[in-house]
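Numbering (this note's numbering), first residue to last: 1 to 174.
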């Protein structure tokens, strides 16, 4: 690769690093082509880009971005996964491949919105419910006080009617 194509690749990677919400680094040594293809397909479904780029070029591309915290993980063969939309979806796919004993794939670390996280943090991120489930839970929490308030307001006239009925029954008994 000549110097000009390297500088184009660095500029392209710099732009991708700026746009990515999260970047995950992994050691892919020993993976077969089929396993790598399966991983790429799963990541593509989650709108995650999977690339293998030289470590030195990644370090240069990361300068001036919030992804510089990943530089210590650029040792040995490194593949990166760039998540532009939902870092949790990327973490779920990568964690699944990391746990699978038949695939020689090892997560090294990640940077999530500027914060460097380790493999345990990636696993915790992967264990989170999906975005849709979290939104549904939040909406349910927001709706509960309103429903309780409506129930209280509905109980006031009902209590009044029962009190009037009690008074009517008491007068009718006399």
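Don't be surprised by glycine CBs; every beta carbon is placed ideally from N, CA and C.
* Between residue 29 and residue 55, what straight-line distance do the alpha-carbon atoms span, to the nearest angstrom? -> Position 29 of the chain shown holds residue 29. Position 55 of the chain shown holds residue 55. Residue 29 and residue 55: Cα-Cα distance of roughly 14 Å.
* Asked: Should residue 111 be labelled buried (16 or more other beta-carbon atoms within 10 Å of its own) or exposed?
  -> Here residue 111 refers to the residue found at position 111 when the chain shown is read from its first residue. Label assigned to residue 111: buried.
* In terms of DSSP beta bridges, what is residue 82 paired with? -> Here residue 82 refers to the residue found at position 82 when the chain shown is read from its first residue. Answer by DSSP bridge pairing, in chain order: 23 and 49.
* To do: Output the distance between the C-alpha atoms of residue 45 and residue 119, rounded to the nearest integer angstrom.
  => Against the chain shown, residue 45 aligns to sequence position 45. Against the chain shown, residue 119 aligns to sequence position 119. If I take the Cα positions, the gap works out to 22 Å.
* Asked: Of the choices 155, 114 and 38, whose alpha-carbon is the least far from that of residue 50?
  -> As a first step, residue 50 must be located in the chain shown, where it is residue number 50. Comparing Cα-Cα distances from residue 50 to each of 155, 114 and 38, the minimum goes to 38.
* Evaluate residue 95 with the Cβ neighbour count: other Cβ atoms within 10 Å of its Cβ, from every protein chain shown; 16 or more gives buried, anything less gives exposed. => Residue numbering aside, residue 95 sits at position 95 when the chain shown is read from its first letter. Flag for residue 95 reads buried.
* Separation of residue 10 from residue 69, as counted between CA atoms -> Your numbering for residue 69 matches position 69 in the chain shown. Your numbering for residue 10 matches position 10 in the chain shown. So the alpha carbons of these two residues sit roughly 17 Å apart.
* Under the rule that 16 or more other beta-carbon atoms within 10 Å means buried, what is residue 150, buried or exposed? -> In the chain shown, residue 150 corresponds to position 150, counting from 1. The residue in question, residue 150, is exposed, as its Cβ has fewer than 16 Cβ neighbours within 10 Å.
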